[in-house]
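Down below is the structure, laid out as structure tokens.
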Ligand code: SF4
Ligand code: SF4
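Numbering (the numbering used here), first residue to last: 51 to 603.
Here's what the structure looks like:
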């Protein structure tokens, strides 16, 4: 195996024996093979589009296939084997459609060369052997590999956000067209400029996808509003829901109403507490625990069933006892955990098994008490725009520091807590994603009633931070987003964060600090390009970075 898609990759080079995340070699290889097959489907999909015969039937499958390979999403080899088998069938169908359309248009058979991803086929007994030969290292040139993988990794994040939006009925052909174009591009010999162009287009597509998901979420559930989220527990048994899928949240709240079972969020589902459509439920108690990597401890003490709607699902440790309380759904999978199937056409998912399980479980053990404040997505912040602008003009707010992104296990991530603690009191932290757990329970106070930590929501809600920045640029009459008093000190972990990073680059944001380490999939040459074009830099010490950010550097 060779996997370097996340920040925790071994020696910041690549996991080669087993993932630092716990991913076994077999799973890693099957994930590579699934991506290989998605490339093959996309080769034909792109050709059909060029002929004006667009094919939409594989859009959801491709997005979900990419999504399933995201770090800590799916650990179930049987699911990957099934997806690869289905992928081969889909590829055959789209191949036939293309060959027929080609012949009809040209009067002769298509006879040009095709990449292996478009032609290789086998039954599942041969998957493991093939999977060993088509991974990341199959591309020998380090810089080509780096640009291809940067594109694929960013694409995984885009696909995850596109899938959430699609589940709420929001899809855009141009997003799915780009996903196909990008996958197909990795089977071609392109120039460096062409590959860099595709990476930038991935950033543009990430912006469009996050905007679409924002529209989907706010249309379905209203605009997030300032909310004090309870972090203590009640007396009833509870269900803990984590991941990002708000449709699952909606259906779980509806199905648990009146059952005597309470609902709590964990990790990235925390922002669900701030949506009007969810706040109205009395049995929606609040948030339990911290970010994803604390789950082995916190799922244990929660006592009730846990629903994983997306990543991050961490493998259970030997002493964990909650496998029979663990439920997965959507693209998430884990051998031994019960899987809640997709909703039937026009219907809902069936969470009755979780509810019955919860009724037989003790209530959660309290691990903390109090509240944390959230709900500062773009609509809420723009409602405070006059107050914010006045505070900037009066000098009460000197600087905003965007500390969005991810949390993770690495010790070096204390940096983000220390930056939050040591930033001057006239700075405001803008955050989104699970990075917030590094500082959202510190009492950092407020500036004239504006909290010093404004939490826009999940990592996809980083879109809100872009909307806020663009609005401030307009209000202050600036030509360049980089002239705003905003610094970017971003933490990354997995592939959605890469999509967000590419989105920021597409929007022209320069001088981003990225940590705790730069991605291993960036070759020295690609890093050089990013530094020259965008002034990207690794984080330094807390003191140096705060001083530099306050000086606008
Ligand atoms: S997802 Fe991260 S930790 Fe897991 S195998 Fe890949 S690089 Fe390693
Ligand atoms: S914030 Fe980062 S680690 Fe957390 S779910 Fe989003 S991308 Fe993953």
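Cβ atoms here follow ideal geometry from the backbone N, Cα and C, with glycine treated the same way. Remember, predicted model here, so these are calculated numbers, not experimental data.
Under 8 angstroms between C-beta atoms of residue i and residue j
| i | j | result |
| --- | --- | --- |
| residue 511 | residue 321 | yes |
| residue 39 | residue 501 | The first residue shown for the chain is 51 and the last is 603, placing residue 39 beyond what the model contains. |
| residue 429 | residue 273 | yes |
| residue 313 | residue 303 | yes |
| residue 207 | residue 460 | no |
| residue 606 | residue 540 | Examination of residue 606 is not possible in this model, given that the chain is present from 51 through 603 alone. |
| residue 479 | residue 503 | yes |
| residue 293 | residue 265 | no |
| residue 346 | residue 315 | no |
| residue 263 | residue 205 | no |
| residue 405 | residue 305 | yes |
| residue 355 | residue 289 | yes |
| residue 56 | residue 78 | no |
| residue 203 | residue 236 | no |
| residue 62 | residue 567 | yes |
| residue 217 | residue 295 | yes |
| residue 360 | residue 382 | yes |
| residue 229 | residue 113 | yes |
| residue 624 | residue 387 | Residue numbering for the chain in the displayed model covers 51 to 603; residue 624 lies beyond these limits and cannot be assessed. |
| residue 425 | residue 300 | no |
| residue 329 | residue 277 | yes |
| residue 412 | residue 493 | no |
| residue 92 | residue 210 | no |
| residue 348 | residue 417 | yes |
| residue 499 | residue 446 | no |
| residue 151 | residue 98 | yes |
| residue 506 | residue 477 | no |
Buried versus exposed call for residue i [16 or more other C-beta atoms within 10 Å across all chains shown]
| i | result |
| --- | --- |
| residue 157 | exposed |
| residue 122 | buried |
| residue 213 | buried |
| residue 191 | exposed |
| residue 658 | The shown model of the chain, from 51 to 603, leaves out residue 658, and the question about it has no answer. |
| residue 442 | buried |
| residue 126 | buried |
| residue 374 | exposed |
| residue 195 | buried |
| residue 537 | buried |
| residue 464 | exposed |
| residue 414 | buried |
| residue 247 | exposed |
| residue 298 | buried |
| residue 253 | buried |
| residue 67 | exposed |
| residue 323 | buried |
| residue 632 | The question about residue 632 has no answer here: the residues shown for the chain are numbered 51 through 603. |
| residue 107 | exposed |
| residue 394 | exposed |
| residue 269 | exposed |
| residue 444 | exposed |
| residue 332 | exposed |
| residue 255 | buried |
| residue 472 | exposed |
| residue 367 | exposed |
| residue 402 | exposed |
| residue 96 | buried |
| residue 591 | exposed |
| residue 458 | buried |
| residue 174 | exposed |
Ligand 1 site residues, beta-carbon cut 7 angstroms against heavy atoms: 53, 54, 55, 56, 58, 59, 60, 64, 65, 69, 70, 71, 73, 78 and 121
What residue ranges within the segment 131-209 form continuous alpha helix (DSSP H) runs of no fewer than 4 residues, ordered along the chain? 177-181
Runs of beta strand (DSSP E) wholly within the segment 258-317 (minimum 3 residues, chain order): 277-280, 288-292 and 312-315
Ignoring anything shorter than 3 residues, give me the beta strand (DSSP E) runs that lie fully in the segment 483-562, in order along the chain. 503-505 and 536-541
Whole beta strand (DSSP E) runs in the segment 348-400 with 3 or more residues, listed along the chain? 356-358, 376-379 and 388-390
So if I measure from each beta-carbon to every heavy atom of ligand 2 and keep distances below 5 angstroms, which residues remain? After applying the 5 angstroms Cβ criterion, the set is 318, 456, 483, 484, 509, 543, 544, 546 and 547.
For the segment 130-139 against the segment 161-181, do three or more pairs of beta-carbon atoms, one drawn from each stretch, fall closer than 8 angstroms, so that the two count as touching? yes
Taking the runs of the alpha helix (DSSP H) that are 4 residues or longer, which of them lie wholly in the segment 425-459? Counting whole runs of 4 or more residues, the segment 425-459 contains the alpha helix (DSSP H) stretches 428-433 and 435-444.
On the three-pair Cβ rule with 8 angstroms, is the segment 520-534 touching the segment 488-496? no
Would you say the segment 181-190 touches the segment 79-98, given that touching needs at least three Cβ pairs under 8 angstroms? yes
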